[in-house]
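Below is one structure; the comments refer to it alone.
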Amino acid sequence: MAFDLTVKYAGEGGEGVISAGDFTMRAASNLGYEVVTFKSFPAEIKGGYALSQVRMSDEKILSQGDGFDILVAFNGEAYEVNKPLLGKGKVLIWDGPEGGDFEPDLEELEKMGVFVYAVPMSKLAKEEVGAYITKNVIAMASVFELFGFPMEVLKQEIVKKFSKKGEDVVNLNFKAIEVAQNYIKEHIKKIDPYKVPGPLPKKDVIILEGNEAIALGAAVAGVKVFAAYPITPATTVGNYLSPIILKTGGFVYQSEDEISSMAVVIGASFAGAKAMTATSGPGISLMQELIGLASMTELPAVIVDVQRAGPSTGMPTKHEQADLFAAALGGHGDDQRVVIAPKNVEENFYLTIEAFNLAEKYQLPVIMLTDGSLSLRAEAIPTPNIKKIKENLIERPVIRKGEVKPEEIENLFRYAVTETGISPVFVPGESPKPYTATGLEHAENSRPRTTPDERVKMMNKRFKKIANIEEENPHLVEWDLGDLQEGDKADIAVVSWGLSASITQEAVKRLREKGYKIAALYPKLLYPVPKNALEKLASMADKILVPEASYLGHFARFIKMFTNIPQEKIVQFNIYRGEPFIPKEIEEKILELLGEKVSA
Amino acid sequence: MEYIRLQEKLPPKEYRSDIEPTWCPGCGDFGVVTALTKAFSEEKLDPTAITMTSGIGCSSRLPLWMNAFGVHTAHGRALPAAVGIRLAKPETPTIVTAGDGDIFSIGMEHFPHTARKNFDITLVVMDNRMYALTKNQTSPTSRHGYKGSLNPYGNIEDPFNVIKFAIASGATFVAQSYSGNPKHLAETIQAAVEHKGFAFVNVLSPCPTFNKIDTFKYYKGRLIDINKELGHDPSDMKAALELASHALDADFPELEDAEPFKGKRPIGIFYKVEKETFEERVANLQEKFRPESGEPDWDEILAKYRP
């Protein structure tokens, strides 16, 4: 059995809950463990319930998991919220027996089989350390002491983070560690079975949060203009990119609104630069008209939508995947867009690069859908080979001065109809022939034109570009068949995208271990809908489960709309509570569909 | 950031594309095309390195008539599209051509920001004081009482003083000209293109089809050159603002004899100041962070993310 441990810090926003999780994650990664975090906090700056969960394992971690093994409750609210999740074999560390704001029902917890440790975090921080602000360090150090993390690793992390703030700050944190260690040694008798087995061989990894991975991916892809307007939970993409992009001769531009961001992206792309924006639902709504302009003028553009719970302002810090319709079909008229979605932090990095490659190749807007939970999720991923990635980047086919004979220029058209629909690109200052990119319907030579023949010809040309996008990019569909071969009969099929896919993947793995035959597909390409793969999958099972974190289940409906799969085969599983799935509920849903009794 | 320029002057007609304008005969905007081609010629600009943007409306078709790179964007979005070009290709002079409805109504949130940030953009607004392509509606610059199709009883709003607004927004070059005065227009547009920074030229440009009030006939004898006739010094912001506040006096009969314009419309350069452009500030930042080798040290960048 693999080592698999989840620690959850929960409390009031602003008390250091999030950074406690962050330190623990870094320490675990430092010890050579795989890590995945899950964080959630309110939209307000201070106060409200916040949580930070760290899952660590000696094996590849697929999702945030079902819950926690160890809960550190900073206050009464954190205890109350998580009480239903406490059960046999779980550990509770609470702020007591004195100095905290609550008292758990110790007798009841004991009856349930919960291992309970009282550590007076607030009191120790105030009285022994002399600084309430160190409460989260006491909490972390207690976890380290109780479960066998080397305290040296925590100290290293503290030096890394606080040495800039001066020796006094570092020493204060060290004192908090000592106070916690002494308290645990003197007052707590360990009764639970959890223990970190010890350091593993160091891996060549980097730790990235979801939005950091997007920023880094964009920088590696060669983004030159990033234009955005602040919006939760997308803002941090620009924050992370801002210092890096300057080193590459680019710029992060804060625009006056999202409409402007998209227009800046179009202008920059017209001028030959790789350009992108990052936004969330409300921003995507505002950008629709201009996404259509990018499509009509065939200008590459990358738009990242870090989805949040909508509609309207909705729940800005909460999880949902309900922008797929808007991303794919939100514009007026028949435009050409590509919508892709990564399922974890590593894919955030690689798919951002892919987004640029697709935009450059097909000369159109590419929208990448991520979400708030993924934006905050941290993962240790194998260090990418930047050189290799850079060698394989796709650039648009710019016609440069001197590359064509003067007599050929006359018949060279920006929107020339070709076999693939993809035309040569002219760029100001580089190409020999100017043109005006217009949102009006236009002829091959870019002149406005509205005759029926011309209209049909140009519409067909633009759609031809993406007609075979699935076949041309088989890597944008991930098959997860276990021991099955394509075409074999499975007990059930599952399709899942975005963060939900990483959670589905874990559920599928567990069921396979129990002997079930499951055929799963995790499309990164969502639109145009990868029809062939989906139909192939459908041929393998009687039912296809599509778990999605939205009321309507956008992708399930796309499958019904754009494939020949019989509607009755598709089973939607929709949640819209503002949190991601947990693997267990998908596991149970599959068992339910298979007519199996769900074990308690 | 130096513009890409030609060694030798091209004749103005070389800056016209072979597309014939779809404008009505007698449209004031023809004068702007002529003035632009003259200015481009005088400035020795390279047609393959001029960038233009526009929005939607009669006047916004202008880039299509030019032998230059252009983006005919969506309604109101000419300025931010131009910003994108400025960030990506600052060596191409960028000219925005649009109408009063496009810039001052649907695109209004972009105007003050692009101006105050001082992007090196020349904005030429062809101000016919109404919407023409949609067949006669009032725009923010329409006169009080003007009859549009949505308010046939007459406009109940007062016109918007775009000159005063431009100066207040931080534009570093603010001028008004008239499409019926080719010499003044060409000189003003050339001065605007030459200006490093955000240059706004409001061109009084009659619509002969719909606007029967602000006509060539109306403007005849009703213009006053603030620089030549009133000796206005464009470097004096206070004086510029004072003059600008009277820019619309001629709309109101009760101000027929009011100083300083006495019932006339002002043309000329109201305000001009040298200020670092946004592009120069970006270039300074990039210079500061530029790696010595030219290529960023990815190992160093990645090191930040190691556990």
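Going down the list, the sequences are from chains A and B.
Quick note: to get the numbering used here, add 292 to the position in the first sequence (first position is 1).
Quick note: to get the numbering used here, add 70 to the position in the second sequence (first position is 1).
Glycine included, every Cβ here is placed at the ideal spot set by N, Cα and C.
Listed from N- to C-terminal order along the chain, which residues in the segment 126-152 of chain B have their beta-carbon within a distance smaller than 7 Å of any beta-carbon of chain A?
-> 133, 134, 137, 138, 139, 140, 141, 142, 143, 144, 147, 150, 151 and 152
CB contact below 8 Å: residue 322(A) versus chain B = yes
Checking contacts by CB at 8 Å: is residue 559(A) closer than that to chain B?
-> yes
If residue 142(B) and residue 730(A) are in contact, beta carbons under 8 Å, what's the gap, nearest whole angstrom?
-> 4 Å
Would you mind listing the beta strand (DSSP E) stretches within the segment 406-455 of chain A that are 3+ residues and don't spill past its ends, in chain order?
-> 407-410
Do residue 198(B) and residue 94(B) have their C-beta atoms within less than 8 Å of each other?
-> no
Consider the Cβ of residue 447(A): report whether some Cβ of chain B lies at a distance smaller than 8 Å.
-> no
8 Å Cβ cutoff met for residue 818(A) and residue 771(A) = no
Who pairs with residue 218(B) in a beta bridge, going by DSSP?
-> 221(B)
Please go through the segment 583-610 of chain A and give each complete beta strand (DSSP E) segment of 3 or more residues, from N-terminal end onward.
-> 593-599
So, helix, strand or coil for residue 307(B), using DSSP?
-> helix
Compare the C-beta of residue 317(B) against all C-beta atoms of chain A and say whether one is closer than 8 Å.
-> no
Answer with buried or exposed for residue 402(A), where buried requires no fewer than 16 other C-beta atoms within 10 angstroms of its C-beta.
-> exposed
Taking the alpha-carbon positions, what's the residue 588(A) to residue 524(A) distance?
-> 29 Å
Mind checking the segment 434-467 of chain A against chain B and listing, in chain order, the residues whose C-beta falls within less than 7 Å of any C-beta there?
-> none
Opposite residue 501(A) in the DSSP bridges: which residues?
-> 670(A)
What residues match up with residue 331(A) in a beta bridge as DSSP calls it?
-> 344(A)
Under a Cβ-count criterion, where at least 16 other Cβ atoms within 10 Å of its own Cβ denotes burial, should residue 873(A) be classed as buried or exposed?
-> buried
Can you list, in chain order, the residues of the segment 302-329 of chain A whose Cβ is nearer than 8 Å to any Cβ on chain B?
-> 318, 321 and 322
Give a yes or no on whether the minimum CB-CB distance between residue 683(A) and chain B is below 8 Å.
-> no
Cβ pair residue 364(A), residue 669(A) closer than 8 Å = no
Please report how far the alpha carbon of residue 783(A) lies from the alpha carbon of residue 811(A), in whole angstroms.
-> 8 Å
Taking only beta-carbon positions, decide if residue 375(B) is within less than 8 Å of chain A.
-> yes
Proximity to residue 90(B) [Cα-Cα], best of 82(B), 133(B) and 74(B) = 133(B)
Once you ignore the five residues that flank residue 728(A) on each side, which residues in its own chain have a CB closer than 8 Å to its CB?
-> 738
Work out the CA separation of residue 652(A) and residue 686(A) for me, nearest whole Å.
-> 6 Å
Using three-state DSSP, classify residue 274(B) as helix, strand or coil.
-> strand
Kindly indicate if chain A contains any beta-carbon less than 8 Å away from that of residue 174(B).
-> no
Check the Cβ of residue 371(B) against every Cβ in chain A and list those closer than 7 Å, keeping chain order.
-> 536
What's the C-alpha gap between residue 693(A) and residue 594(A)?
-> 27 Å
Would you please verify whether the beta carbon of residue 548(A) is less than 8 Å from any beta carbon of chain B?
-> yes
Contacts around residue 202(B), its chain only, beta-carbon distance under 6 Å, and the 5 residues preceding and following it disregarded | 128, 277 and 280
Contacts of residue 359(B) in chain A (Cβ-Cβ under 8 Å) | 535, 538 and 539
Using a Cβ-Cβ cut-off of 6 Å (strictly less than) and excluding sequence neighbours within five positions of residue 417(A), which residues of its own chain qualify?
-> 424, 426, 427 and 430
Which full runs of the alpha helix (DSSP H) of 4+ residues lie inside the segment 634-712 of chain A, going along the chain?
-> 637-654, 664-668, 678-683 and 698-701
For the candidate residues 323(A), 865(A) and 499(A), whose alpha-carbon lies nearest to that of residue 837(A)?
-> 865(A)
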